[in-house]
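Below is one structure, written out as structure tokens, with a few remarks after it.
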Amino acid sequence: MTAPTLYIATDNPQKAAIDLFLCDLDLVPAWAKIAHEVSDIAAIPTDAKVINQWYRPGSLFEQMWREERVRRHFNMDYAAHIARLQAWHTKRWADAVDAPAPEPSAVTQFPNLLTPQPAKPERRQPRWS
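Going left to right, the sequence shown walks through residues 1 to 129 as the working numbering numbers them.
Right under this line is the structure:
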């Protein structure tokens with residue numbers, strides 16, 4: 001496994017995954033790492049490409065990240081990193097469009113399975129007996 005080439009420093013990893021990668025946190029590509037705990041900060045290499053994505057002001061993680069940025073240098077070129085993400089999105093969706101159509105499933109072969117059956121009237125029981 002290769003080291004990530006892009007790090008996301010955030011206080012809300014799920015929202016950052018959706019906002020930046022347009023996918024759930026579990027589906028973030030292997031070349032990216034979302035750092036959201038204080039212990040993750042030390043694992044980000046010096047000179048690494050990093051995008052900050054904050055969702056609430058003044059979290060402990062954000063404070064620790066700001067202090068770490070004073071101690072070490074990171075590549076914080078937001079525009080360049082977002083451009084790289086846009087290029088990845090473009091390629092990803094182009095690949096999805098060019099992919100062959102999936103085989104028909106049982107749902108499309110047997111549409112009656114999805115049709116709800118009419119409800120049969122039941123004899124109502126009294127609430128109190």
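Beta carbons are placed, not taken as given, at the ideal position from N, Cα and C, and that holds for glycine.
Predicted, not measured: the structure shown is a model, and the values here were computed from it.
### Rounded straight-line distance, which links the Cα of tyrosine 55 to that of valine 70
22 Å
### Query
In this structure, what does DSSP give as the bridge partners for tyrosine 7?
Lys33, Val50
#### Entry: Residues that asparagine 75 bridges to, as DSSP identifies them
Beta-bridge pairing links asparagine 75 to Lys49.
### Query
Smallest Cα separation from proline 4: which of Asn75, Ala48, Val97, Ile18?
Ala48
### Task
Let me know if tyrosine 78 comes out buried or exposed under the rule of 16 or more other beta-carbons within 10 Å of its beta-carbon.
Under a 10 Å Cβ-count criterion, tyrosine 78 is classified as exposed, with fewer than 16 other Cβ atoms of the shown protein chains found around its own Cβ.
### Task
Return the first residue and the last residue of the alpha helix (DSSP H) that alanine 16 is part of.
13-16
### Message
Taking 8 Å as the cut-off, does the stretch 56-70 touch the stretch 81-97 (at least 3 CB pairs, one atom from each stretch)?
### Response
no
### Query
Hey, threonine 2 and glutamine 53: beta-carbon distance below 9 Å or not?
no
### Task
Indicate whether at least one CB of chain B lies closer than 9 Å to the CB of alanine 3.
This model lacks chain B altogether; it includes just one protein chain.
### Query
Taking the C-alpha atoms as reference points, what is the distance between phenylalanine 21 and aspartate 40?
Straight-line spacing of the CA atoms in phenylalanine 21 and aspartate 40 works out to 20 Å.
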